[in-house]
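Each remark here refers to the structure printed beneath this line.
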Amino acid sequence: MSIYKGKIARIFIIKILLFSMVITTLMTVIQLYNDYIAGVEDIYINSDLIQYTHLNSITKSVWNYDIDSLEVQIDGLMKLSDIQYLEVLTNDNGLFQRGKKLGSEVIVNTYTLEYQHRNKTMDLGSLTVQFSLKGLYRRLLDKVIIILVSQGIKTFLVSFFIFYLFYSLVGRYLSVISNFAKHLNDDTLSNELILDKPINNDSGLDEIDVLVTSLNDMRVNFVQKNNQKEKTVNALNYQATHDALTNLPNRTLLYDRASHLINQAERESKKIAFMFLDLDEFKQVNDVHGHSVGDSVLIHISNVLKSNIRKSDTLARLSGDEFVALVYVEKDMSAISHLAAKIIDALNEPFKVNDISIKVTVSIGVSVYPDDANTPELLLRNADTAMFKSKQMGRNMLQFYLPEFTKKAELRTQLENELDLAIKNDEILIYYQPQIDQNGCLIGVESLARWNHPVKGFIPPNIFIPMSEESGQIIPLSNLIIDKVLSFLSTLEKKGLPETFKTISINVSPKHFNQKDFCSGVNVNLKHYGVDASKVMIEITEGLILTNVDEVINKMERLKSMAIKFSIDDFGTGYSSLSYLQKLPLDEIKIDQSFIQEMLEDKGSAAIVEMIITMADKLGFTLMAEGVETIQHKEFLKSLGCFNYQGYYFDRPMSEEKFVEKYI
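For the sequence shown, position 66 matches number 48 in the numbering used here, and the numbering has no gaps at all.
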C-alpha cells in the first residue's frame, strides 16, 4: 500500500497545510495591522512636517501676495506621499487648490495661516490638506500578495520536506506494518514482521522498532495461546468423547462412529454387530477389594478386550463394567460368535491385581444392523436387552438379540413404573407364614410381601422382588415392608401374643442393608411403633456376606444393641458362608427349602441338612427349617435334632386378618 494513499498521510498533509495557513494568516494579519499603523503614522508625520516646515513659508507668501511662490510651494507639497488634495483659502476669498477632493478613505488636516505683524497676530486664512488612505491600502494589498505567495511557497516546501521526513522515517514503515497486519491470519501467523530499516546502535530502538517488536511478540504470544487453546479444545473434546479411566471411546463417540459405519455398511450391503459386554458380579470385586482394585480390573479388562478385536473396530466403555464392541462384519455372523468365544475364554483366565487373584466372567449380547435396527440407539438398546437375557440364562455366555426380548423388556419397564405406583397406592400387602415348634405351638412368623395389582391381580414376589433390586426400587419397597411389619407387630402386642411367640421375621435385601441410614431408619420405626425390638428378626442372605464383611458385622452389632435378632436365610446354597459364619453375630440359621424337599430321596441333601443342624448346635444357633410340606419332612428333621418348622404342612402365608383370627 502506497503511503500517498494512506489515510494518515492525507490527514498529516492536511493538518500541516491548515496549521501553516492559520499561522500565515495570523502573522499576515499582525503584519498588515502593524504596517497599517505605521502608514497612518507616516501620514501624521507628513502632516506635522507641513505644519512645522512649510506652513510659515506659505503664510509669508499669502501675506506678501506672492502668488508665484505660493503656487510653487503648493506644488511641492503635492509631491509628498499620500496627499490627495490641497487648498489655500485666504480671508479675501482667494483660493488656491491642487488635486482631487475625495469624500472617503481620507485623513483631513486644516492649518490656520497666522502672521505676526507688529506684535499682532493676523489671521490670513487656512491651509487644508487631504491625505488619501488608498495608497496605504494598495501598499498593504501588494504586501499581502507578496506574503501569501512567499508563505505559500515556503509552506509547500516545508510541508513537502516534513512529509518526506515523515514518509522516510515513519510512513513507509507504517505501510509495511499495516499491510502485514491486514493479511495476518492463521496461515500467516508463523511469518515474522521484518522491516528494511537500519537500527541506530547509539540511540537504540525507536518507536517503530518497539512497535515491530511488540507486534512480533504479540504474534508469538497469540500463536502460543492459540496452540494452547487448540490443545485445551482437543483435550476437552477428548474428555467429552473418551472414558477417563480406560481412555476408550465413550457413548458419544460410539454413536458417532456407529453412524458413519452404518452409512458405509448401507453402501456396501454389509452388516454391523453391536456387542454389549457386561462383567458378571463385578460389584462384588468393588465391595470386597475396594474401588481402587476395581478400577485396575477394569483397565485390565479393557486391555484384554482391545487385544481381541481388530484395530479397525471400536471398543467403547459406557459406564461401570459395561463395554461395547462395534464390529464391521466382513463375511458372515459366525465371525461374531468366534470373537465372543475368544473374549469369554480370555476373560476366564485369572489374573492378579496388587497380589490379589481376580477372575471375572462376561455376559455378551449382540444386536445386528440392519437385521435388528437401523439406528445406533436402537442397536445398542437391543444389544443391552440381549445381554440381560444372557445373564438370565446363566451368565458368561453369548446371546443374539431376538425381537421377543424387546417385548419382555418393555413389559418389565412397564412393571417397574407400575411398582412405583404400587408403593404409593398401598398395593403392597404383607402376608404372614407361621413358624411352629415340635409341639405345634406358634413360635414366630415370617413376613412375605405380596403385590396386589389392580388389573393383573397378585404378581409373584419372585418377579417383582428381583426386579426391584435391579432397578433400585427395593429401597422404598423394603422401607414400606418394615413399616407395615412393625405396625402389625404393634397390633399383635396390643392384642396379646402367645407366650411361645418369639420373633417376627423381616427379609432385608443386601442393597437395602448396605444403605448408610439403614440402622437409624430401623431405630426410628421401632420408637415410632413402640414395639419390643427383641421380637424382631432380620433375615439376611449369603449375598450380603460377600460384600464388606467388617461393615456388615458393624451394622449387625449396632442393631443387636437395640435387641434385634438375626437369621441367615437360604443357608447352604452359597459357597462362602462357612468362612464367615463364626464372625457374624447370628441368632438363627434357616435351612434352605431346596435341601428339605430332596432330603428324603437324596442322601447328599440329607447329609447337608444333618451337617447344618450339627454345626448350628455346636455354634449355639437356633434352627428353622423352611419348606416343610409333609409329616415325613417334620419327623425326619426332628430325628436329626431340628425342632422349629415353617412350610405348607403347617400353614400357608396369610393376610393379617386371617393370621389374627387363627393364631391370636
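Glycine residues also receive a C-beta, built at the ideal position from the N, C-alpha and C atoms.
Nearest residue (CA-CA) to residue 283, options 538, 298, 627: Checked all of 538, 298, 627; the closest Cα to residue 283 is 298.
Start and end of the alpha helix (DSSP H) containing residue 170? No alpha helix (DSSP H) holds residue 170; DSSP gives it neither H nor E.
Would the beta-carbon of residue 66 fall within 9 Å of that of residue 112? yes
Where residue 324 falls, given that 16 or more other Cβ within 10 Å makes a residue buried: exposed
Looking only at its own chain, which residues have a Cβ that is under 8 Å from the Cβ of residue 433, when we skip the five neighbours before and after it? 401, 404, 409, 410, 411, 440, 441, 443, 446
With burial defined as no fewer than 16 other Cβ atoms inside 10 Å of the residue's Cβ, what is the status of residue 58: buried or exposed? exposed
Hey, which unbroken runs of the beta strand (DSSP E) at 3 residues or more fall wholly within the segment 83 to 146? 88 to 99, 102 to 114
Can you have a look at residue 79 and say buried or exposed, based on whether 16 or more other CB atoms are within 10 angstroms of its CB? Per the 10 Å Cβ criterion, exposed.
Would you report the Cα separation of residue 589 and residue 581, rounded to the nearest angstrom? Answer to the nearest angstrom: the Cα atoms are 8 Å apart.
Excluding the five sequence neighbours on either side, which residues of its own chain have a C-beta within less than 7 Å of the C-beta of residue 43, listed in chain order? Hits under 7 Å: 51, 52, 55.
So for residue 372, helix, strand or coil by DSSP? helix
Residue span of the beta strand (DSSP E) that contains residue 311, given as start and end: 304 to 311
Along the chain, where does the beta strand (DSSP E) that runs through residue 200 open and close? Segment 189 to 223 is the alpha helix (DSSP H) holding residue 200; no beta strand (DSSP E) there.
Measure the alpha-carbon distance for residue -5 versus residue 190 and round it to whole angstroms. The straight-line gap from Cα to Cα measures roughly 20 Å.
Bridge partners of residue 433, per DSSP? 410, 441
Just mark residue 369 as buried or exposed, buried being the case when its beta carbon has 16 or more other beta carbons within 10 Å. Buried, because 16 or more other Cβ atoms sit within 10 Å of the Cβ of residue 369.
Rounded to a whole number of angstroms, what is the C-alpha to C-alpha distance between residue 8 and residue -2? 15 Å
For residue 456 and residue 239, I'd like the C-alpha separation in whole angstroms. 37 Å
Return the first residue and the last residue of the alpha helix (DSSP H) that residue 465 is part of. Here the alpha helix (DSSP H) through residue 465 covers 456 to 477.
Taking only three categories from DSSP, how would you classify residue 80? strand
Beta strand (DSSP E) runs contained entirely in the segment 265 to 303, provided each spans 3 or more residues: 296 to 301
How close, in whole Å, do the beta carbons of residue 311 and residue 254 come, if the pair is a contact with beta carbons under 8 Å? 6 Å
Beta-carbon proximity list for residue 557, same chain, < 6 Å, skipping 5 on both sides: Note that residue 557 scores 45 on pLDDT, short of 50, meaning its location in the model is unreliable and no value can be drawn from it.
Nearest-angstrom beta carbon gap, residue 610 and residue 629 [assumed within contact, 8 Å]: Beta-carbon to beta-carbon, residue 629 and residue 610 are separated by about 3 Å, close enough to satisfy the 8 Å threshold.
Compare the Cα-Cα distances from residue 435 to each of 421, 355, 406 and report the closest residue. 406
In or out: residue 332 buried (at least 16 other Cβ within 10 Å) or exposed? exposed
Which class does residue 605 belong to by DSSP, given the choice of helix, strand or coil? strand
Thinking C-beta only, is residue 641 closer than 9 Å to residue 467? no
So, are the CB atoms of residue 28 and residue 68 less than 9 Å apart? For residue 28 and residue 68, no; Cβs fall outside 9 Å.
Provide the residue span of the beta strand (DSSP E) that contains residue 645, from first to last. Element bounds for residue 645: not the beta strand (DSSP E) but the alpha helix (DSSP H), 638 to 645.
Close Cβ partners of residue 130 (< 8 Å) along its chain, the five nearest in sequence each way excluded: The residues are 6, 10.
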